[in-house]
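Counting in this note's numbering, the sequence shown runs from 182 upward without gaps. Everything on this sheet refers to the single structure shown next.
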Amino acid sequence: MTLNQARLHRLNDQPISKDGQFVLYWMQAQRRLAHNHSLDYAIKCANELGKPLVIYEGLRLDYPWASARIHRFILEGMRDNALAAKKLGFTYWPFVETKKQPARGLLSRLAARAALVITDDFPCFIIPGQSASLARLSDRAVIAVDSNSVAPLRLLGDAPYAAAHLRPKIHRQFAEAFEHRSAPKPKVPRFDASKIIPGFDFADLDDPALLAAKLPIDHSVLPVEGRVGGSAAAHAQLKAFLKKGLPIYAEHRSDPAPPSEIHGSGLSPYLHFGHIGIEEIVMSVFEATGGYAPVRLHLENAGKREGFFGDDRNANSFLDEALTWRDVGYVWHLHRRQDTGSLETALPKWALATLHLHARDKREFVYDLAQWESAATHDPLWNAAQRELAATGGIHNYLRMLWGKKVIEWSRTPEEAYQTLVHLNNKYALDGRNPNSYTGILWCFGLFDRPWAPQRPVLGQIRYMSSANTAKKFKLGAYLDWVATLPAPASTSAKTTA
Ligand SMILES: Cc1cc2nc3c(=O)[nH]c(=O)nc-3n(C[C@H](O)[C@H](O)[C@H](O)COP(=O)(O)OP(=O)(O)OC[C@H]3O[C@@H](n4cnc5c(N)ncnc54)[C@H](O)[C@@H]3O)c2cc1C
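Right, here's the structure in full:
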């Protein structure tokens, strides 16, 4: 399979219609107008077929965990796309579902007018189902394009069982894939789309906050002030990280800190919604650190963890997260998305066995969903992490691991803990509903990990983490002081069962 073929995934056997008015790019996951393989392929098809290109970006009301927080972030991205499309000359149709203007059937109607439909290949949440449903109903070709990572996911082998399993495969594919990255400035197709009528009213995107406020979605999950969605904000975030965070990344990425001290990139929500592409981030890291010589490094260091991307320790450390660890979740989902419904289908045998062995162990504390959600446990550090998540839509990377581990220890059953974590993460986190949401949570239960000694109550041989050790390892004062300034979650009337 060639590199470019590996990005394309045909979702039905229908033909390309010669009578179609336009090529339709249905933007679902890569919500941006540059550095986007789906857009590049749609432009190529439009030029080859001699048809105009229409870019359709929609936002429905009925996705799971639909809230003012998620909606506003997406709408801000749509506003950026509308502005950019106008500037660049693309025909861009933004659709925001309202009670008056339902989404049902709209896409099928648009597809019926198109020569073919290009969409994003994203291996998680509602996107695979939505794409498959259109492909089933439509008599036009529907093709999904993989713009998820630098290397096409289908060239990275089977579902990985560890990061070390996937890393050498990424390194082997990287140099060639990086040479063939998507266009930084895509060119509008030659054929005029200005006379084509959308068949629905465009959303007024001038004030995303006002628009989100009017819609029937969950308004208890508030938009995060100062956390703006869209490509413009994503670029500002990247710039700040390259200047302040990247130079200290290897040493400080795990330190819990207030957002004023940039340690991590904070890019995961933008990556999740496709407001920025990973290729652009990787390129910018190379430009900032000057450390990449593709062919030589590819040959000499393929498969080795350190030094693959050059001599810069921080760049290597960051790219190992942004490529290896991020891709672990995506590749695993490509093959095993259907298994995320429960621990029984998702976990390796050893992890299930050890959890079963300890299923009847006495739990030191047991909390229910309302107590978790309102950050009302006995543990101030756990409560701080949950409070950060509920108020800011983000959760510090190291604390996120601790946050997950403790829910396992203090829930009635591992399965209940899993469902609690999926719910909290996907409801509050801006980067939730992503392949790495599920695999990050499943990692807490042993996925991609190995058995650890000694056997512990409840966790058995699953890797253990404790708040006491975390407090010894890091200076938590500034972080905890900052969290104390955040609004408290709605209810704090928790009872613990010892
Ligand atoms: C319980 C749990 C839940 C998680 N849920 C999510 C989630 O919903 N969405 C999500 O994107 N990530 C999730 N992660 C992974 C990780 O916590 C976040 O990707 C990271 O904290 C994002 O912060 P950042 O953008 O500052 O990361 P940086 O440190 O700046 O890293 C750059 C990018 O690399 C990727 N990355 C970094 N760390 C990891 C990791 N451990 N695993 C996979 N990819 C990584 C992310 O795309 C990130 O934006 C979860 C981890 C755990 C333990």
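The beta-carbon is built from N, C-alpha and C at its ideal position, and this holds for glycine as well.
Residue pairing for Asp399: DSSP places it in a beta bridge opposite Ser248.
Around the Cβ of Ile224, a 10 Å sphere holds 16 or more other Cβ atoms; the residue is buried. Here DSSP, grouped into helix, strand and coil, assigns Leu337 to coil.
Annotation for Leu337: Lys350 and Val512 place their beta carbon closer than 6 Å to its own, counting only its chain and skipping 5 residues before and after. Taking non-hydrogen atoms of ligand 1 into account, the C-beta of Ser618 is found less than 6 Å away from one of them.
Scanning its chain for C-beta atoms nearer than 6 Å, with the 5 sequence neighbours on each side dropped, one finds around His433 the residues His444, in chain order.
In the structure shown, the three-state DSSP call for Glu468 is helix. Proximity annotation: ligand 1 has residues Arg434, Gly445, Ser446, Gly447, Leu448, Ser449, Leu452, His453, Glu502, Ala503, Trp506, Arg507, Gly510, Asn578, Arg581, Met582, Gly585, Asn606, Ala610, Asp612, Gly613, Asn615, Asn617, Ser618, Gly621, Ile622, Trp624 and Cys625 in chain order, each selected because its CB is closer than 6 Å to a heavy atom of the ligand. Residues of the same chain with a CB within less than 7 Å of the CB of Ala421, apart from the 5 flanking positions on each side, are Ile443 in chain order. Of the residues Arg581, Arg290, Ala295 and Leu230, the one whose Cα lies closest to the Cα of Ser618 is Arg581.
Annotation: Phe381 is outside any alpha helix (DSSP H) and is labelled neither H nor E by DSSP.
Non-local C-beta neighbours of Ile307 in its own chain, meaning closer than 6 Å and more than five positions away in sequence, comprise Tyr244, ordered along the chain. Going by C-alpha positions, Ile457 is about 15 Å away from Ala263.
Per DSSP, the beta bridge partners of Leu234 are Val204. The beta carbon of Ser248 is closer than 8 Å to those of Ile398, Asp399, His400, Ser401, Val402 and Lys608 in its chain, skipping five residues each way along the sequence. Around the beta carbon of Gly231, fewer than 16 other beta carbons sit within 10 angstroms, so the residue counts as exposed. Rounded to the nearest whole angstrom, the C-alpha separation of Ala659 and Arg507 is 28 Å.
By the Cβ-count criterion, Ala210 is buried, with 16 or more other Cβ atoms from all chains shown falling within 10 Å of its own Cβ.
Here Ile197 carries a coil assignment [DSSP, helix/strand/coil]. In the three-state reduction of the DSSP assignment, Trp553 falls in the helix class, which pools H, G and I.
In the DSSP assignment, the residues bridged to Tyr273 are Ile236. Between Ala469 and Leu423, the gap from beta carbon to beta carbon is short of 7 Å. Residue state for Val639 is assigned as coil, using DSSP reduced to three classes. Fully contained in the region 247-323 are the following alpha helix (DSSP H) runs of length 4 or more, in chain order: 249-269, 287-294 and 308-318. Under the three-state reduction of DSSP output, Arg518 falls in the helix class. Taking C-beta atoms as the reference points, Val466 and Ala438 fail to come closer than 7 Å.
In the displayed model, Leu423 falls within a helix according to three-state DSSP. Boundaries of the beta strand (DSSP E) around His190: Leu189 to Arg191.
Taking one beta carbon from each stretch, the region 594-601 and the region 288-295 have fewer than 3 pairs nearer than 8 Å; the two do not touch.
Around the Cβ of Asp382, a 10 Å sphere holds fewer than 16 other Cβ atoms; the residue is exposed.
Taking a cut-off of 8 Å for Cβ pairs, the region 191-201 and the region 313-328 touch, as three or more such pairs fall below it. DSSP places Ala325 within a strand segment (E or B) once states are collapsed to three. Restricting attention to Gly270, Val298, Phe626 and Gly258, the CA atom closest to the CA of Leu528 is found in Phe626.
For Lys350, the enclosing alpha helix (DSSP H) begins and ends at Ala344 to Glu360.
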